[in-house]
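Novice: What follows is a structure written as structure tokens; I'll ask about it next.
In the numbering used here, the protein residues as written are 632 to 1088.
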């Protein structure tokens, strides 16, 4: 019997060690998350629903995060915020004083499923800030059919929620003293942006003091847009508002580009102008990137004294629908101020009201203002409010339009079970985003086929 007990203890010892280490990590992560909730409480209500720890991948994550800035009814939803390091010894450094201790040799911070509503007050504030720095006499693309811009135009076209995945990752080469940082953002599988920079340090370890005297150099910049319906919607919206044909659309777009480019003091070739117009055709695919042969630092920047040297040093490239577009022939000219498109399409343009929506788009999409909806497992809230743990709660199919951007699970009349995030809703169907093990699937479901539905709130 003693031998059996000894054998079991030997066999179970690794299991107990792993379980103990997992419990320790859970405690450290939860403690750090609760401390973060407390620190941001003067500015926003922050809550999370769960903690995920992957021992093999050396990754920790907070799941189902909600951020609600104080003084308003807006909130942001994030499916997951994760941290990934080379090993657990380096991961645990993050719990210490990063101002004094050395940093991990590599780290990845990822926000997965960051969703926000276009009709939020914060979005309106961001738009106002963006427009403050924009000259009033500069032509903006799309003015020939609507004076709306940014989020206002997107809402008029039927969009309600935007989603994005973002990542900040770095790696450190101790031999060369080089810190490579990569930033990327992918917006709802439509457009993505990435940038890579290098910081040269004189230290063999990465720390706050070592980075203070580092020299920054640009490695690459890339922006990509893959049309998944925006261009078609924009053309249909312009046809509805102004009654223009596709041919008139292309002509008006060309004239606006000419006015905007002339305002900037740049001359383009016919191929480039045609390429800009092609960017607004349905199913367009555009990539613009700059990759210097050597990282572009302060010394290399001084060498850029002309347009030719700019092209030579930064190596810019433009691809439209997979075909390279030559950037040769670009000229710097005298800026032409007060440029206004002369197309007859813009004559007699009537500004549509802010609530103008394409047929089938729902106007009853205001977010819930219930204080209880903003609190979760570890939220910090006023004492007179009742905290409530976020959970899947049953709603009527007729009221589902109020929950765009929320996670939902449903059962159809055929017994099919579906779980995903609600992206769009019209009178007959809703668009669902479902995250798979590899990638994301987006598809439509007819509302009449939904027997039961629960929304996570």
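Every residue gets a Cβ at the ideal spot worked out from N, C-alpha and C, and that includes glycine.
Residue 776 to residue 872, Cα distance in whole Å?
Specialist: Taking the chain shown and counting its residues from 1, the one referred to as residue 776 is at position 145. Taking the chain shown and counting its residues from 1, the one referred to as residue 872 is at position 241. Distance between the alpha carbons of residue 776 and residue 872 is about 7 Å.
Novice: So the candidates are 1078, 1074, 1044; which of them puts its Cα closest to the Cα of residue 1059?
Specialist: For the purposes of this step, residue 1059 is taken as the residue at position 428 of the chain shown. Out of 1078, 1074, 1044, 1078 has the C-alpha closest to the C-alpha of residue 1059.
Novice: Pick from 724, 781, 759, 658: whose alpha carbon is nearest that of residue 749?
Specialist: Locating residue 749 in the chain shown gives position 118, where the first residue counts as 1. That would be 781, whose Cα lies nearest to the Cα of residue 749.
Novice: If I measure Cβ to Cβ from residue 698 and keep anything under 6 Å in the same chain, skipping five residues before and after, which residues do I get?
Specialist: Start at 1 with the first residue of the chain shown, and residue 698 comes out as number 67. Same-chain partners within the cutoff: 675, 677, 707.
Novice: Residues in the same chain with beta-carbon distance under 8 Å from residue 956, minus the five sequence neighbours each way, listed in chain order, please.
Specialist: Position 325 of the chain shown, counting from 1, holds the residue named residue 956. Cβ within range, chain order: 902, 903, 906, 949, 950.
Novice: Which residue spans inside the segment 847-911 form an unbroken alpha helix (DSSP H) run of at least 4?
Specialist: Whole alpha helix (DSSP H) segments, 4+ residues: 861-873, 877-895, 901-909.
Novice: Mind checking which residues open and close the beta strand (DSSP E) that includes residue 918?
Specialist: Mapped onto the chain shown, residue 918 falls at position 287. Unbroken beta strand (DSSP E) run through residue 918: 916-921.
Novice: Count the other CB atoms, across all protein chains shown, that sit within 10 Å of the CB of residue 1045; report buried if there are 16 or more and exposed otherwise.
Specialist: Taking the first residue of the chain shown as 1, we reach residue 1045 at position 414. Label assigned to residue 1045: exposed.
Novice: Pick out the complete beta strand (DSSP E) segments inside the segment 1059-1087, 3 residues or longer, and give them in chain order.
Specialist: You should have 1060-1066, 1071-1077, 1081-1087.
Novice: Check residue 832 in the structure and name its three-state DSSP category.
Specialist: The residue labelled residue 832 in the question sits at position 201 within the chain shown. Reduced to three states, the DSSP call for residue 832 is coil.
Novice: List the whole-angstrom C-beta distance separating residue 1056 from residue 1031, where the pair is believed to meet the contact cut-off of C-beta under 8 Å.
Specialist: As a first step, residue 1056 is located in the chain shown; it is residue number 425 there, counting from the start. As a first step, residue 1031 is located in the chain shown; it is residue number 400 there, counting from the start. About 6 Å; that satisfies the 8 Å criterion.
Novice: Tell me the rounded alpha-carbon separation between residue 823 and residue 1043.
Specialist: For the purposes of this step, residue 823 is taken as residue 192 along the chain shown, with counting starting at 1. For the purposes of this step, residue 1043 is taken as residue 412 along the chain shown, with counting starting at 1. In a straight line, the C-alpha of residue 823 is about 34 Å away from that of residue 1043.
Novice: Am I right that residue 711 and residue 686 are in contact with their C-beta atoms under 8 Å? What's the rounded C-beta distance?
Specialist: Counted from its first residue, the chain shown places residue 711 at position 80. Counted from its first residue, the chain shown places residue 686 at position 55. Actually they are not in contact, since the Cβ atoms of residue 711 and residue 686 sit about 17 Å apart, beyond 8 Å.
Novice: Between residue 738 and residue 714, is the Cβ-Cβ spacing less than 8 Å?
Specialist: Sequence index remark: in the chain shown, residue 738 carries index 107 (1-based). Sequence index remark: in the chain shown, residue 714 carries index 83 (1-based). Yes.
Novice: How big is the Cα-Cα spacing for residue 980 and residue 890?
Specialist: Here residue 980 refers to the residue found at position 349 when the chain shown is read from its first residue. Here residue 890 refers to the residue found at position 259 when the chain shown is read from its first residue. Model confidence at residue 980 stands at a pLDDT of 43, short of 50, so the residue's coordinates are unreliable and nothing is read from them.
Novice: Quick check on residue 780: does DSSP put it in helix, strand or coil?
Specialist: Position 149 of the chain shown, counted from the start, is the residue given in the question as residue 780. Residue state, collapsed to three classes: coil.
Novice: At the level of alpha carbons, what is the spacing between residue 966 and residue 934?
Specialist: In the chain shown, the residue the question calls residue 966 occupies position 335. In the chain shown, the residue the question calls residue 934 occupies position 303. Each residue's Cα considered, the two are about 24 Å apart.
Novice: Starting from residue 842, follow the alpha helix (DSSP H) in both directions and report where the run begins and ends.
Specialist: As a working note, residue 842 is residue 211 in the chain shown. Run containing residue 842: 839-843, per the alpha helix (DSSP H) assignment.
Novice: Taking DSSP as the reference, what is the three-state secondary structure of residue 734?
Specialist: The count along the chain shown starts at 1 and reaches residue 734 at position 103. Looking at residue 734 - three-state DSSP - the assignment turns out to be coil, as it is neither helix nor strand.
Novice: Tell me whether the segment 914-922 and the segment 856-865 touch, counting them as touching only if at least three CB pairs, one residue from each stretch, are closer than 8 Å.
Specialist: The answer is yes - the segment 856-865 touches the segment 914-922, with three or more Cβ pairs under 8 Å.
Novice: Mapping the DSSP letters down to three states, classify residue 671 as helix, strand or coil.
Specialist: Walking along the chain shown from the start, residue 671 turns up at place 40. Helix, per DSSP.
Novice: On the three-pair Cβ rule with 8 Å, is the segment 828-836 touching the segment 798-815?
Specialist: Touching, yes.
Novice: Restricting to Cα atoms, I'd like to know which of 848, 818, 855, 695 is closest to residue 1023.
Specialist: Working through the chain shown from its first residue, we reach residue 1023 at position 392. Residue 1023 has its Cα closest to that of 695, out of 848, 818, 855, 695.
Novice: For the alpha helix (DSSP H) holding residue 932, just list the boundary residues, first then last.
Specialist: Residue 932 sits at position 301 when you count from the first residue of the chain shown. Here the alpha helix (DSSP H) through residue 932 covers 929-933.
Novice: Thinking C-beta only, is residue 841 closer than 8 Å to residue 805?
Specialist: Along the chain shown, one-based indexing puts residue 805 at 174. Along the chain shown, one-based indexing puts residue 841 at 210. No; because the gap between Cβ atoms is not below 8 Å, this pair is not in contact.
Novice: From this set, 791, 741, 784, 701, which residue's C-alpha is nearest residue 1033's C-alpha?
Specialist: By one-based count along the chain shown, residue 1033 stands at place 402. For residue 1033, the nearest C-alpha among the options comes from 791.
Novice: Put residue 807 into one of helix, strand or coil per three-state DSSP.
Specialist: The sequence position of residue 807 within the chain shown is 176, counting from 1. Three-state DSSP puts residue 807 in coil, outside helix and strand.
Novice: Where does the unbroken alpha helix (DSSP H) through residue 944 begin, and where does it stop?
Specialist: Stepping through the chain shown from its first residue, residue 944 is reached at position 313. First-last of the alpha helix (DSSP H) with residue 944: 938-945.
Novice: Can you tell me whether residue 1088 is buried or exposed, with buried defined as 16 or more other CB within 10 angstroms of its CB?
Specialist: Here residue 1088 refers to the residue found at position 457 of the chain shown. Counting Cβ neighbours within 10 Å, residue 1088 comes out buried, since at least 16 surround it.
Novice: Select from 938, 751, 944, 952 the residue whose C-alpha is nearest the C-alpha of residue 964.
Specialist: Position 333 of the chain shown, counted from the first residue, corresponds to residue 964. Residue 938 is the option with its Cα nearest to residue 964.
Novice: State the DSSP-derived secondary structure class of residue 679, mapped to helix, strand or coil.
Specialist: Residue mapping note: residue 679 aligns to position 48 of the chain shown, counting from 1. It is coil, neither helix nor strand.
Novice: Taking 8 Å as the threshold (C-beta atoms), are residue 1049 and residue 1061 in contact?
Specialist: For the purposes of this step, residue 1061 is taken as residue 430 along the chain shown, with counting starting at 1. For the purposes of this step, residue 1049 is taken as residue 418 along the chain shown, with counting starting at 1. The answer is no: Cβ separation not under 8 Å.
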